[in-house]
Amino acid sequence: MDTRYLQSFVAVVELGSMAEAARHLDLTPAAIAARVKALEEEMGLSLVQRAGRSVRPTAAGLKMLDRARTVLREIRDLRAAAGDGFALGELKLGVFGSALTGVLPPLLKRLYDRYPDLSVFVAPGNSVELCRQVTLGALDAAIVVEPQFAVGKGCAWHALLEEGLVVVAPAGLADRTAHQLLETEPFIRYDRSVLGGQLADRYLRDNGLVVKQRLEIDNLMAIAALVGQGLGVALLPDWSPMWHVGYGIVPVPLPSRAPVRRVGLVWATHGPRAALSQALLHEAQAMYAQEN
Numbered sequence: 031m032d033t034r035y036l037q038s039f040v041a042v043v044e045l046g047s048m049a050e051a052a053r054h055l056d057l058t059p060a061a062i063a064a065r066v067k068a069l070e071e072e073m074g075l076s077l078v079q080r081a082g083r084s085v086r087p088t089a090a091g092l093k094m095l096d097r098a099r100t101v102l103r104e105i106r107d108l109r110a111a112a113g114d115g116f117a118l119g120e121l122k123l124g125v126f127g128s129a130l131t132g133v134l135p136p137l138l139k140r141l142y143d144r145y146p147d148l149s150v151f152v153a154p155g156n157s158v159e160l161c162r163q164v165t166l167g168a169l170d171a172a173i174v175v176e177p178q179f180a181v182g183k184g185c186a187w188h189a190l191l192e193e194g195l196v197v198v199a200p201a202g203l204a205d206r207t208a209h210q211l212l213e214t215e216p217f218i219r220y221d222r223s224v225l226g227g228q229l230a231d232r233y234l235r236d237n238g239l240v241v242k243q244r245l246e247i248d249n250l251m252a253i254a255a256l257v258g259q260g261l262g263v264a265l266l267p268d269w270s271p272m273w274h275v276g277y278g279i280v281p282v283p284l285p286s287r288a289p290v291r292r293v294g295l296v297w298a299t300h301g302p303r304a305a306l307s308q309a310l311l312h313e314a315q316a317m318y319a320q321e322n
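Start counting the sequence shown at 31; every next residue gets the next number (the working numbering).
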């Protein structure tokens, strides 16, 4: 069996379309379709089905998916073990939304300065799913918000930074207190399906604060831009990139100790890329030690 067929099949299922899989693998959609068809013929099974412009796995495809991922992972591990574990191994790194711009660029700069021939595949996603992917072995490590559950067997977690909640307000309202702003101004809510939004929601309830919600969204930079347009105020983690884009916003501290969102690294502690994940952790610790 040609493992490239497996790779294409997994990419199609994970990305939901032939076109997205083609972009991801730097091939044409026709080539991806041909590979999947060849795999289906070899297996004697229909593995995917079209639903409009998207592609979904069949029941047989779903049964095969985890095994296919395992085979591809074992092949990557074999290649890495044949070399030094750094140059020949590709680090599969998950990164949650706001860390893609706030944490990842300076961290990769440090890592590439040390290992210029390193290959990294970055998978964006929400923190809960990224932790699951590390546990399953689909990812080597992930930059995530602190999991609210025990990480899987064979995995470790280390916190890198804390971001306390602050009220984000237009600069012209900086003379008002945090609670005054929350109770009187339109409120732009950080999505309650993510931990930062849950922390904010809990703070409002614990302090008996009733807000006039205008909208709810899961994107810190978008919320900062909306606040900068004078559309309301928000209760967000004190995320550094917000203050450097010229939106005309200010942080207004909460009157008591603010709840914190912890950001860190979860990684698989065994396998050929465990040492590389440790190197990533070391660079991240050094980076934040310099900032503090």
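The C-beta atom is built at its ideal place from N, Cα and C for all residues, glycine as well.
- Message: Measuring straight from C-alpha to C-alpha, what distance separates V275 and G82?
- Response: Taking the first residue of the sequence shown as position 1, residue 275 is located at position 245. Taking the first residue of the sequence shown as position 1, residue 82 is located at position 52. If I take the Cα positions, the gap works out to 40 Å.
- Item | Counted within 10 angstroms of its Cβ, other Cβ atoms place A117 as buried (16 or more) or exposed | Reading the sequence shown from its first residue, position 87 is the one you call residue 117. Unreliable placement is indicated for A117, whose pLDDT of 44 sits below 50; the coordinate value is still reported in the next sentence. The residue in question, A117, is exposed, as its Cβ has fewer than 16 Cβ neighbours within 10 Å.
- Straight-line CA distance for V197 to G278? Sequence index remark: in the sequence shown, residue 197 carries index 167 (1-based). Sequence index remark: in the sequence shown, residue 278 carries index 248 (1-based). Whole-angstrom Cα-Cα distance: 14 Å.
- Give a yes or no on whether the C-beta atoms belonging to L225 and Y233 are separated by under 9 Å. Start at 1 with the first residue of the sequence shown, and residue 225 comes out as number 195. Start at 1 with the first residue of the sequence shown, and residue 233 comes out as number 203. Not a contact, by the Cβ cut-off of 9 Å.
- What's the gap between the Cα of L203 and the Cα of A314? Working through the sequence shown from its first residue, we reach residue 203 at position 173. Working through the sequence shown from its first residue, we reach residue 314 at position 284. Rounded to whole angstroms, L203 to A314 spans 35 Å at the Cα level.
- Task: Taking only runs that begin and end inside the segment 118–183, name each unbroken alpha helix (DSSP H) of 4 or more residues, in chain order.
- Result: 129–132, 134–144 and 157–166
- With R83 as the anchor, note down where its beta strand (DSSP E) starts and where it stops. Translated into the one-based positions of the sequence shown, residue 83 becomes position 53. Note, R83: premise wrong, no beta strand (DSSP E); not H, not E.
- Query: By Cβ distance below 8 Å, which residues in the same chain neighbour T100 in space, the five residues on each side in sequence not counted?
  - Reply: For the purposes of this step, residue 100 is taken as residue 70 along the sequence shown, with counting starting at 1. These residues qualify, in order along the chain: G167.
- Task: Could you say which of D236, N237, W273 and L69 lies nearest to I253 if we only look at CA atoms?
- Result: For the purposes of this step, residue 253 is identified with residue 223 of the sequence shown, where counting begins at 1. Ranking D236, N237, W273 and L69 by Cα distance to I253 puts W273 first.
- Query: CB-CB under 6 Å to P271, same chain, minus the five flanking residues each way: which ones, in chain order?
  - Reply: Numbered from its first residue, the sequence shown carries residue 271 at position 241. Contacts found: T131 and G132.
- Query: Taking contact to mean at least 3 C-beta pairs separated by less than 8 Å, is the segment 211–223 in contact with the segment 251–266?
  - Reply: yes
- Opposite A243 in the DSSP bridges: which residues? By 1-based counting over the sequence shown, the position of residue 243 is 213. According to the sequence provided, residue 243 is Gln. The question's Ala does not apply to it. F217.
- Would you mind listing the beta strand (DSSP E) stretches within the segment 236–299 that are 3+ residues and don't spill past its ends, in chain order? 242–247, 264–267, 279–282 and 290–298
- C-alpha distance - S307 paired with R140, whole-angstrom precision: Counted from its first residue, the sequence shown places residue 307 at position 277. Counted from its first residue, the sequence shown places residue 140 at position 110. Approximately 14 Å, taken between the alpha carbons.
- Excluding sequence positions up to five away, which residues of its chain have a Cβ less than 7 Å from the Cβ of A41? Here residue 41 corresponds to residue number 11 of the sequence shown, with the count starting at 1. Hits under 7 Å: A51, H54 and L55.
- Task: Pull up the CB-CB distance for L123 and V150, whole angstroms please, since I reckon it's below 8 Å.
- Result: Walking along the sequence shown from the start, residue 123 turns up at place 93. Walking along the sequence shown from the start, residue 150 turns up at place 120. Right, the Cβ-Cβ distance comes to about 6 Å (below 8 Å), so this counts as a contact.
- Alpha carbon to alpha carbon, how far is F179 from W187? Give it in angstroms, no decimals. On the sequence shown, position 157 is the one that residue 187 refers to. On the sequence shown, position 149 is the one that residue 179 refers to. About 11 Å.
- Item | Cutoff 7 Å; reference G115; Cβ partners in own chain excluding five residues on either side | Within the sequence shown, the letter at position 85 stands for residue 115. Here G115 scores only 47 on pLDDT, less than 50, and its place in the model should not be relied on; the value that follows carries that caveat. Closer than 7 Å at the Cβ level, and outside the excluded window around G115, lie P302, R303, A305 and L306.
- Message: Taking the beta carbon of G127 as the centre, do at least 16 other beta carbons fall within 10 Å, making it buried, or is it exposed?
- Response: Indexing the sequence shown from 1 puts residue 127 at position 97. So G127 ends up on the buried side.
- Three-state secondary structure assigned by DSSP to L57: As a working mapping, residue 57 is identified with position 27 in the sequence shown. Three-state result, L57: coil.
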